[in-house]
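Visitor: Take this structure, written in structure tokens, and hold onto it; I'll ask about it next.
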Amino acid sequence: MVTAVRPERGGFLRPFGTAWFIVEFLKGNGPEDSKRIDPAEGAPMTDIHYEYKSALHRAHARDAVERQEAARIRRGLPAFTEEEYGLC
């Protein structure tokens, strides 16, 4: 018996690739709002893992807010304000 491991609706969350993130992180570019490191020193694997997981969480949160805002606009309500976004 074969059991499907992927979610039935929506698929897996992969807003950006793991390899791309790690390469850019080790170059010191700070992809997806992660911290910048010195490329000459590098970073321990635990830091890379933490920053990648944090970036995934931030990307998921941004996507969720965008979906909620789109639903509000479709219902005829105004878009979120900066205070509702928490940017102020």
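Just so you know, we're using the working numbering here: the sequence shown kicks off at 3 and counts up by one. Glycine is no exception: its CB is placed at the ideal position from the N, C-alpha and C atoms.
1. With a cut-off of 8 Å, do at least 3 Cβ pairs link the segment 27-44 to the segment 52-71?
2. Can you tell me whether DSSP reads residue 23 as helix, strand or coil?
3. Where do the N-terminal and C-terminal ends of the alpha helix (DSSP H) with residue 34 fall, by residue?
4. Between the Cα of residue 60 and those of 25, 42, 17, spot the shortest distance and give me the residue it belongs to.
5. Measure from the alpha carbon of residue 58 to the alpha carbon of each residue in 20, 25, 5, then state which is nearest.
6. Taking the CB atoms as reference points, tell me whether residue 33 and residue 43 lie closer together than 9 Å.
Guide: Quick answer:
1. yes
2. helix
3. That residue, residue 34, is in no alpha helix (DSSP H); it is neither H nor E in DSSP.
4. 17
5. 20
6. Not closer than 9 Å, so no.
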